[in-house]
Amino acid sequence: MSDGIATIFAMGTPSLAVASTGGEDFLRILLLQDFNTRVVVAGAMLLGAVGGVVGTFLLLRRRALMGDVMGHAMLPGVAAAFLAVQALGLERSLPVLLLGGGIAATLAGLAVIGLRRVSQLDDDATMAIVLSGFFGLGVVLLSVVQSSGGGGQAGLEDFVFGKTASMVTSDVVVIAIGGLLVLSVAVLFFKEFRLLCFDDAFAASLGRPVMGLDLLLLSMTVVTALVGLQAVGLILVVALLVIPAAAARFLTDDLRWTVAFSSLIGAVGCWLGVTLSAAAPGLPAGAMIVLATAGLFVVALFTGPKRGLLPRWWLGRSLRRAVGRDHLLRSMLECREVTGNGEITAAELMMNRSWSRGGLSGLLRVARRAGEMIQIDRDRWRLTDRGEIEAAAMVRNHRLWEHYLLEYAHLAPSHVDRAADRIEHVLDPVLVRRLETELGALVDAGPPASPHPLADETPPGDDVVAGGNES
Amino acid sequence: MTMFVSDWQWGYDGWIVVITALVAMTCAIPGSFLLVRRQSMLGDAVSHAVLPGIAIGFLVSGTRDGGWMLAGAIVAGLATAMLTQVLRRVGGVDRGAALGVVFTTLFALGLVLIVQAGDSVDLDPSCVLYGQVELAPLDVVVVRGIEVPRAVPWLLGVLAVTFLSVQVLWKELLVASFDPATAAAQGGRPNLMQQVLMVLVAAGCVVAFEAVGSILVVSLLVAPAAAARLVTNRLRPMMFIAMSIGVVAAVGGHLSALTVPGWLALETTDVSTSGSTAVFATLLVILAVLASPQQGLLFGTFRRLALRFRIAEEDLLGVLYRREVESRGLGQPTGVHLSELGGGGPGLAFRGMMRLAAIRLRWAGYVTPFRLIPHPDQIKLTEAGRVRATVLIRRHRLWELYLAGAAAIPLDHLHATAMDLEHLAQPDLLASLEAEAAKSVHDPQGREIPRG
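These protein sequence lines map, in sequence, to chains A and B.
For the first sequence, our numbering begins at 1 and goes up steadily by one.
For the second sequence, our numbering begins at 1 and goes up steadily by one.
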């Protein structure tokens, strides 16, 4: 242990010991050829994984910022432990400082809960008050340490900003012990935590000790934050608790997989950060870990299969396209009914429904490619045989629903168009057959007559309402 | 001040207090709004996230002179609020998590920037975090022939701008803070108001950066506002109270930084003023939680105790009266066994409460004998006590009558319910009770209803 302590209270080296410029060294770091590098990378990755697991539960319990409060609240504990050790004339040791930090963080967690109970302040205010009060006390104690001239304040600074790069084996052992403890608790109580996160009232009704589980989660957070001090410091430790979990939510809905992905993202982010900071001298490792994890978050935000922006945009786009194609086919038939001519111009389609010009030409292009329409000349379009069948089915679905609404929901003829406009895309054959039997007298083969005047014959105002949601 | 601190120097300590107080007032204004909007942690996030803005402003200008840094910080503050909004709206991320992601990332970015520029410029991240208000009075400019610390004109300017913009936008901010939907429906711009608030918070953060450190600004944003919130329910008084509490925290913070180490017999002298200001502000919140007139714990507890005490008194009187009526002409002792009182059971607290009630009744002249510490077993009613007990018993039996009649409560449940209700003393309630039971002489159990 003693060599570790020596390193902590020495001036923290800004970057990995092996760090220097040059591609060769970078390769050495990447391939983990130094023992030192291996130690740092192992410690950081372990930490990221643990943070991801605990963070997932915290996030789902809507306590993401508790990590922030606890991280800050450790400062007075660490400083007080430092002062106490100094006053008693003992040898400073890492476990004592961590114990002090842990006690302070636990007190802060209890203070948040207590303050919320006894006052009418909301969650945000209680957390901010406790955070700033504890941190202020920490700054006071820190200034006492500094002015009493113990010479160890550099070591305390490490706790604030982290000292990943100068981690040694004993630090990694501390991280490993704490991490394994937290992980085993998470595995043991997985079911209980799942219940707690998704439905605490149900958990309480099953006789689970909700308060006790919350305290357990709180203490897991404390332990994670404590070991996280080593890597990123007490201010940025919240990042390890928040970012991987928030990123994993984009990837999956399953809690098991969320926990797995979250710890994976945490580990990879830590590895990336350490490697980057080692590659370029002068980049603080703690901050680089956070930035790397944030980078992974952005990737997940865009590409995550479950909630990612791109998949969601793609889904929305294909949905819009399918709906637009249905509308186009139906408009073609409706225009033909009005004009009696199978060759329709874009202008006529524009009259029938309020497309945007670009949107319409896009839809026309897609329909031509799908073989549902052919372009006769520059401006005129006609349905193919295949398009004819599809369009007839669309119009039929639309009007069946209109008649159904008229018959059974007693809507006015002027109001059925829009309702049918929305439902026509999801009417399945079974439902269509039922509609046919229900409305028996009204239908034969082919689309029934429209119960309301078609768009071109009505005043333009109605038309806008009918097709207003088309893009 | 010199009565507290022997070596108080107005030219130095005075300026420290002035600077901290100005920061506190500047922060209390947007802080009040953040509090009622339940966004106090946003203040914490912004105070971290301005770091890259400050760093970039610093790198661009190369000096610590305000303008660039202020602009950078405001941009960073706005970016925090906007990115958080985007993550919530577009990404569907939980609010706390969105804040956490954004501010830690920006803070890390700021650290990297500062460390990268560490050789060329003198900007210490720990200075940004903890602040060095002790150094501020030493850095002076001459304004109209008077030497003032350079921070003071800046602080005055930002305070004035903050105060004026809040005054000008008062109504819109108010509606947007309490009911964004109504604000939007009335043609207000709740989103714009959110941005305005963010600008004010960021400006507060950057001016606080030198004075109290950008982390501790969260204390001045939330603590005075929270303490004020516990004292009043109206926003405008709350804002002014918050500003005054901020000033108190500034004075108290610096004074305690100077004196408390002496009390604790520490040899150190330069304890961080910004840290102790934050601690002092938190203590003020705790004081407000305990002692606020409306919502404070102490007053609430006191009111509850007073009520329990009155109920105990009345119960004791009632039992004494009943015992007297029962033993009339039998020559039995008229004391009360505590077990007859039911209710709280024979617990220690209950017995203590009854003991106190007996003492209080004796002092008020409702019971005899006149002994220093009467025991409930050994007392009997005086004339005055009998009058008061008659009123109580009448109320009790009127309630029983009403409950049996109008509420159709079974006979064996009447007594317990009436025991609770007899302590209600609103005049109109009693009047209607009297009217209800105007002609009855006996309660449902056949006992006489005494004329009060």
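Idealized CB from N, CA, C, for every residue including glycine.
Next item on the list: State whether the stretch 297-311 of chain A contacts the stretch 66-75 of chain A, with contact taken as three or more CB pairs (one from each stretch) at a distance under 8 Å.
Entry: no
Notebook entry, point to check: If you check the beta carbons only, do V218 (chain B) and S61 (chain B) fall under 8 Å apart?
Noted result: no
Item checked: Through-space distance from L316 (chain B) to W363 (chain B), alpha-carbon basis -> 14 Å
Check: What does F107 (chain B) touch in chain E if you count any residue whose Cβ is under 9 Å from its own?
Finding: In the structure shown, chain E does not exist; the protein chains are A and B.
Next item on the list: Show which residues of chain B have a CB atom less than 8 Å away from the CB atom of A294 (chain A).
Entry: By Cβ distance, chain B contributes V101, T104, T105, A108.
Check: Is it true that the CB of E192 (chain A) sits closer than 8 Å to the CB of L226 (chain A)?
Finding: no
Next item on the list: Check each candidate in A:L264, A:E343, A:L217 and name the one with the smallest Cα separation from T106 (chain A).
Entry: A:L217
Next item on the list: To the nearest angstrom, report how far apart F350 (chain B) and A357 (chain B) are at their CA atoms.
Entry: 10 Å
Next item on the list: Pull out every residue of the stretch 203-228 of chain B whose Cβ sits closer than 7 Å to any Cβ of chain A, in chain order.
Entry: I215, L216, V218, S219, V222, A223, A226
Check: Would you say R89 (chain B) reaches chain A, if we count a Cβ-Cβ gap shorter than 8 Å as a contact?
Finding: no
Checklist line | Cβ-based neighbour list, I449 (chain B), same chain, cut-off 7 Å, excluding 5 preceding and 5 following | finding: R394, R397, L398, S440, V441, H442, D443
Next item on the list: Name the two residues that bound the continuous beta strand (DSSP E) containing P447 (chain A).
Entry: Segment: none, P447 (chain A) is in no beta strand (DSSP E) and carries neither H nor E.
Notebook entry, point to check: By the criterion of Cβ-Cβ separation under 9 Å, what are the contact partners of D94 (chain B) in chain A?
Noted result: L59, L60, R62, A64, A246, R249
Next item on the list: Could you tell me which of B:V18, B:L113, B:V90 sits nearest to F58 (chain B), measuring between CA atoms?
Entry: B:L113
Check: Which whole-angstrom value describes the C-beta separation of A223 (chain B) and V285 (chain B), a residue pair presumed to lie in contact below a C-beta threshold of 8 Å?
Finding: 5 Å
Margin query: What would DSSP say about G344 (chain B), mapped onto helix, strand or coil?
Written below: Reliability fails at G344 (chain B), whose pLDDT of 49 lies under 50, so the model's placement of it is uncertain and the value that follows must be treated cautiously. In the structure shown, G344 (chain B) sits in coil (DSSP, three-state: anything other than H, G, I, E or B).
Notebook entry, point to check: Would a check of beta-carbon distances place G43 (chain B) closer than 8 Å to chain A?
Noted result: yes
Item checked: Residues from the stretch 412-427 of chain B in contact with chain A, defined by Cβ distance under 7 Å -> none
Next item on the list: With a threshold of 16 other CB atoms inside 10 Å of the CB of L164 (chain B), please say whether the residue is buried or exposed.
Entry: The residue is exposed, with fewer than 16 neighbouring Cβ atoms inside 10 Å.
Check: Are the C-beta of G252 (chain B) and some C-beta of chain A separated by less than 8 Å?
Finding: no
Next item on the list: Compute every distance between the C-beta of G446 (chain B) and the non-hydrogen atoms of the ligand NAD, then say whether any falls below 7 Å.
Entry: This structure simply doesn't include the ligand NAD, nor any ligand for that matter.
Checklist line | Identity of the residue in A:V426, A:G371, A:S450 nearest S414 (chain A) by Cα | finding: If we check each option's Cα against that of S414 (chain A), A:S450 comes out closest.
Check: Can you find a C-beta in chain A that's less than 8 Å from the C-beta of L305 (chain B)?
Finding: Closer than 8 Å: no.
Next item on the list: Check the Cβ-Cβ distances between T232 (chain B) and every residue of chain A, and say whether any is below 8 Å.
Entry: no
Notebook entry, point to check: Tell me which same chain residues have a C-beta within less than 7 Å of the C-beta of V109 (chain B), skipping the five on either side of it?
Noted result: One point to set straight first is that residue 109 (chain B) is Leu, not Val, in the sequence displayed. Contacts found: P52.
Notebook entry, point to check: On the three-pair Cβ rule with 8 Å, is the stretch 278-288 of chain A touching the stretch 83-103 of chain A?
Noted result: Too few Cβ pairs lie closer than 8 Å, so no.
Notebook entry, point to check: Between the Cα of S262 (chain A) and the Cα atoms of A:V40, A:A42, A:L47, A:N36, which residue gives the shortest distance?
Noted result: A:L47
Checklist line | Proximity of A391 (chain A) and M332 (chain A) at Cβ, strictly below 8 Å | finding: yes
Notebook entry, point to check: Excluding the five sequence neighbours on either side, which residues of its own chain have a C-beta within less than 8 Å of the C-beta of L406 (chain A), listed in chain order?
Noted result: P413, V416, P451
Notebook entry, point to check: Is the beta carbon of L59 (chain A) less than 8 Å from the beta carbon of A246 (chain A)?
Noted result: It is a contact, given that the beta carbons lie within the stated cut-off.
Next item on the list: Kindly give me the distance between the Cβ atoms of L65 (chain A) and G96 (chain B), rounded to whole angstroms, as I take these residues to be in contact under 8 Å.
Entry: 4 Å
Next item on the list: Leaving aside the five residues before and after G228 (chain A) along the sequence, list all residues of the same chain whose C-beta is less than 7 Å from its C-beta, in chain order.
Entry: L47, G51, V237, L240
Note to self: Distance check for D199 (chain A) and V210 (chain A), CA to CA, integer angstroms please.
What the structure shows: Taking the straight line joining both Cα atoms gives about 10 Å.
Checklist line | Endpoints, beta strand (DSSP E) assigned at I374 (chain A) | finding: Per DSSP, I374 (chain A) belongs to the beta strand (DSSP E) from 373-375.
Checklist line | Rounded distance between the beta-carbons of Y366 (chain B) and G385 (chain B), thought under 8 Å | finding: 3 Å
Item checked: Proximity to A227 (chain B) [Cα-Cα], best of B:V161, B:V251, B:A291 -> B:A291
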